[in-house]
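What follows is one structure encoded as structure tokens, with my remarks underneath.
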Amino acid sequence: MRELGRRLAATLRAGDLVVLTGALGAGKTTLAQGIGDGLQVRGPVTSPTFVIARVHPSLTGGPALVHADAYRLASPAEVDDLDLDASLDTSVTVVEWGGGLVEGLAADRLEITIAMGTPAAGVAEATGRAGAGTGTAGAAEATGAAGLPAPGDVPAPDSQPRRVLLEGFGERWERAADSARMALGSGPQAL
Numbered sequence: 009m010r011e012l013g014r015r016l017a018a019t020l021r022a023g024d025l026v027v028l029t030g031a032l033g034a035g036k037t038t039l040a041q042g043i044g045d046g047l048q049v050r051g052p053v054t055s056p057t058f059v060i061a062r063v064h065p066s067l068t069g070g071p072a073l074v075h076a077d078a079y080r081l082a083s084p085a086e087v088d089d090l091d092l093d094a095s096l097d098t099s100v101t102v103v104e105w106g107g108g109l110v111e112g113l114a115a116d117r118l119e120i121t122i123a124m125g126t127p128a129a130g131v132a133e134a135t136g137r138a139g140a141g142t143g144t145a146g147a148a149e150a151t152g153a154a155g156l157p158a159p160g161d162v163p164a165p166d167s168q169p170r171r172v173l174l175e176g177f178g179e180r181w182e183r184a185a186d187s188a189r190m191a192l193g194s195g196p197q198a199l
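This is the structure we're talking about:
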């Protein structure tokens, strides 16, 4: 996931909003760390669950990374209280658990859904956060899928296969789709 984040960072620019969705342990923070590595920001990039948002200034004159975690937020009004839109134009903003909460921050956004397992394993896609009313697939459903190890026998997070779905919204991501696919090694047609 970290390497994927590094590659993705090559396509990101100031003003980009990236929304990360996935079950606990799917790799959202690891992906954000890779984005931070690729953007060359001051770190370490760690999970902002309890502080909710952190700003990581660029070490090279590029955009800062604003890394937020909306897990404990209950409404878009609480997102507004964070003033993430105040720095949106000058930074790359990455929000974990932001589905259903942060879409109003920008018309153009990249939504990334991370699911543990492979399509053959029958893992349910994690499409939201618990209680958000968006039809969620919780951690128990993802780890209980056929073919995955029992909870006590779970291998290291980076050794488990992941499915990553990238969905671009708005004019910026319509134009950037091919370059993002190429940067991620997916070729011009697959994403």
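Numbering-wise, the sequence shown is residues 9 to 199 according to the numbering used here.
Heads up, the beta-carbon is just placed ideally off N, CA and C, and yes, glycines get one too.
*Can you give me the start and stop residues for the beta strand (DSSP E) that Thr-54 sits inside?*
Taken as a continuous stretch (DSSP letters only), Thr-54 belongs to no beta strand (DSSP E), as it is neither H nor E.
*Look at the alpha carbon of Thr-29 and the alpha carbon of Thr-37, and state the distance between them as a whole number of angstroms.*
10 angstroms
*Over the uninterrupted beta strand (DSSP E) stretch that includes Gly-176, give me the two end residues.*
170-177
*Going by other Cβ atoms of all chains shown within 10 Å of its Cβ, with 16 needed for buried, is Glu-86 buried or exposed?*
exposed
*Is Asp-45 closer than 8 angstroms to Arg-15 when the C-beta atoms are compared?*
no
*Do you know how far the Cα of Ala-76 is from the Cα of Arg-62?*
Roughly 6 angstroms separates the two Cα atoms.
*Determine the direct distance from the alpha carbon of Leu-173 to that of Met-124, and round the result to whole angstroms.*
12 angstroms
_Nearest residue (CA-CA) to Val-26, options Leu-32, Ala-17, Thr-68 and Thr-57_ = Of all alpha-carbon atoms in Leu-32, Ala-17, Thr-68 and Thr-57, the one lying nearest the alpha-carbon of Val-26 is that of Ala-17.
*How would you write the range of the alpha helix (DSSP H) that Glu-11 sits in, first residue to last?*
10-17
*Of all the options Glu-111, Trp-181, Ala-34 and Gly-13, which has the alpha carbon lying nearest to the alpha carbon of Arg-171?*
Ala-34
*To which residues of the same chain is Pro-65 closer than 6 angstroms at the C-beta, ignoring the five residues directly before and after it?*
Arg-50 and Ala-72
_Outcome for Val-74 when other beta-carbon atoms lying within 10 angstroms are tallied against a minimum of 16_ = buried
_If you measure between the beta carbons of Gly-178 and Ala-115, is that distance less than 8 angstroms?_
In contact: Gly-178 and Ala-115 (Cβ atoms closer than 8 angstroms).
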